[in-house]
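Student:
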Amino acid sequence: MRKKRVLLLSEGFGAGHTQAAHALSVGLRMLSPGIQTRVLELGSFLHPTLAPWIFTAYRKTVTTQPKLYGYMYRSQYKKSLNRFTQLALHRIFYAQTAEIINQLRPDTIVCTHPFPNAVISRLKRAGLNVPLCTVITDYDAHGTWLSSEVNKYLVSTSDVRDKLLGRGINSDAIEVTGIPVHPNFWGQHNRDELRAQYGLKAMPTVLIMGGGWGLMNNEEMLRYFTDWREKIQLIICLGSNDKALTALSEDKRFQHENIRLMGFTNEIDKWMDVSDLLITKPGGMTCTEGLAKGIPMLFYNPIPGQEEENLQYFTQHGFGEHIKSDATMDHWLKLLVDGYPEVLKRRALLSLSQHTNPYNPMDCSQAIMEILNQ
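Counted from 1, the sequence shown has number 364 at position 365 by numbering that gives the first Met the number 0; the numbering is strictly sequential.
Here it is, written out as structure tokens:
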């Protein structure tokens, strides 16, 4: 009997979209060994030379001109990609997509980024008869995600569902599943074993993340953290930013036994489990991974647009706090130092609360299973 096939399409504009696709891929195969999955960053696959230039330009715009990016985000907020834009995307970047689909013959296509979502929608209008499932990977609903050809939207919260309803999407086409995270985040690891594995001390530990691109360009914040290095164990993850990793590694302030510097890792689930506090930009994927792990979160420097919406959701619901000044970090770090046994109890309670939290990390994969079974 032929196995069911799921094609998961993403793009490389930030790490979260593709991480969500891989999380679904692994989750689906865990739930049913009779499923074949394939994850593609569609533009990178079709144009391996051109795509990195585009992603680099995007990154520079986000990091050096965040206000411009925020203006672009808000100006198009309620607008879906029009037919002309979809045609341009198809002709310039995605002309071979139909051929890929014909070769892979998927039973369902899942998109975790608006661009491939628009391309598949256009192919469906032209006669493609494959269910299209769109996973919105933020805590907001930008108009570029929307298309009448989408068969099912899987969204992060009821607030996002309500926004889609307000834009005319049928309620039967929307399901609140939360953003998918890798099955490694579905459970908890033993902290003592992790400390031994990583060579860490049994002391207050803070995990500092700069996102998939390692956006750690806040010199004042980095200097602030080094003032705590005698009392706090600092794990600083710089993602794929090799330049920043080299610079900090050569900085004497960070050459300390209580400071661990690292680049990209596939073990963030373990680093979250061994840490007492997460300090991060409010990217949708990182926030959701922290939610699944039940770790307290502090957020810094949200990019105008979707990260501001993510920040608003997580702070309003008590899952994290916005760093508005050093006083915010002073409060939390002093709490770690002065009341560590109590912090450990609160950390355990937060982890335990995930069993009653409305977010279930398996829901998104299960929803796609149901689409396949139909």
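A virtual CB, placed ideally from N, CA and C, is assigned to each residue, including glycine.
#1: Hey, out of Pro130, Asp137, Ile168, Ala140, whose CA is closest to Asn150's CA?
#2: Within the continuous alpha helix (DSSP H) that includes Thr327, where are the two ends?
#3: Name the residue from His112, Lys123, Gln254, Arg121 whose alpha carbon lies nearest to the alpha carbon of His141.
#4: Would you say Met202 and Gln232 are within 7 Å of each other, going by their C-beta atoms?
#5: Let me know the secondary structure DSSP gives Lys3 once reduced to three states.
#6: Tell me whether Gln305 is buried or exposed, calling it buried when 16 or more other Cβ atoms sit within 10 Å of its Cβ.
#7: Compute the beta-carbon to beta-carbon distance between Trp270 and Ile234, rounded to the nearest angstrom, for a pair I have assumed lies under 8 Å.
#8: Where in the region 201-266 do unbroken runs of the beta strand (DSSP E), each at least 3 residues long, occur, reported from the N-terminal end onward?
#9: Determine, using beta carbons only, whether Met368 and Pro182 come nearer to each other than 7 Å.
#10: Does Tyr407 come out as helix, strand or coil in the three-state DSSP assignment?
#11: Let me check understanding here. Comparing Cα to Cα, which of Ala172, Val180, Thr176 lies closest to Asp268?
#12: When you compare the CB positions of Ala366 and Thr176, do they come within less than 7 Å of one another, or not?
#13: Rounded to the nearest angstrom, what separates Leu7 and Val154 at their Cα positions?
#14: Considering just the uninterrupted stretch of the alpha helix (DSSP H) at Leu96, what are its terminal residues?
#15: With a threshold of 16 other CB atoms inside 10 Å of the CB of Thr245, please say whether the residue is buried or exposed.
#16: Taking just the CA atoms, how far does Met296 sit from Gln353?
#17: If you follow the alpha helix (DSSP H) that Ile367 is in, where does it begin and where does it stop?
#18: Helix, strand or coil, according to DSSP, for Leu41 in the structure here?
#19: Could you spell out the range, first to last residue, of the beta strand (DSSP E) harbouring Leu127?
#20: For Thr48, count the other beta carbons within 10 Å of its own beta carbon; 16 or more makes it buried, fewer makes it exposed. Which is it?
#21: Can you say whether Gly15 is buried or exposed, counting buried as having 16 or more other CB atoms within 10 angstroms of its CB?
#22: By the 10 Å Cβ neighbour count, where 16 or more other Cβ atoms means buried, how is Asn116 classified, buried or exposed?
#23: For the alpha helix (DSSP H) that His21 lies in, which residues bound it at each end?
#24: State the DSSP-derived secondary structure class of Thr355, mapped to helix, strand or coil.
#25: Pick from Asp325, Tyr312, Asn359, Leu277: whose alpha carbon is nearest that of Tyr223?
#26: Between the C-alpha atoms of Cys132 and Asn257, what's the straight-line distance to the nearest angstrom?
#27: Find the nearest neighbour of Leu332 within the set Trp227, Arg4, Gly42, judged by alpha-carbon distance.
#28: Can you find at least 3 beta carbon pairs, one from the region 309-318 and one from the region 275-284, that sit closer than 8 Å?
Tutor: Looking at the coordinates:
#1: Pro130
#2: 325-337
#3: For the residues His112, Lys123, Gln254, Arg121, the minimum Cα distance to His141 belongs to His112.
#4: yes
#5: Strand.
#6: buried
#7: 6 Å
#8: Counting whole runs of 3 or more residues, the region 201-266 contains the beta strand (DSSP E) stretches 204-208, 232-236, 258-261.
#9: no
#10: Absent from the structure is residue 407, since the part of the chain shown begins at 0 and ends at 373.
#11: The residue among Ala172, Val180, Thr176 with its C-alpha nearest the C-alpha of Asp268 is Val180.
#12: yes
#13: 16 Å
#14: Before going on, a small fix: residue 96 reads as Thr here, not Leu. From DSSP, the alpha helix (DSSP H) with Thr96 extends over 96-103.
#15: exposed
#16: Only weak support exists for where Gln353 lies, its pLDDT of 47 falling under 50; the coordinates are left without a value.
#17: 362-372
#18: helix
#19: No beta strand (DSSP E) holds Leu127; DSSP gives it neither H nor E.
#20: exposed
#21: Gly15 counts as buried, since no fewer than 16 other beta carbons sit within 10 angstroms of its beta carbon.
#22: buried
#23: Element bounds for His21: 15-30.
#24: Confidence in Thr355 is poor, its pLDDT being 43 and thus under 50, which makes the residue's placement unreliable; the coordinate value appears in the next sentence. Correct three-state label for Thr355: coil.
#25: Asp325
#26: If you take the alpha carbons of Cys132 and Asn257, they lie about 45 Å apart.
#27: Trp227
#28: yes
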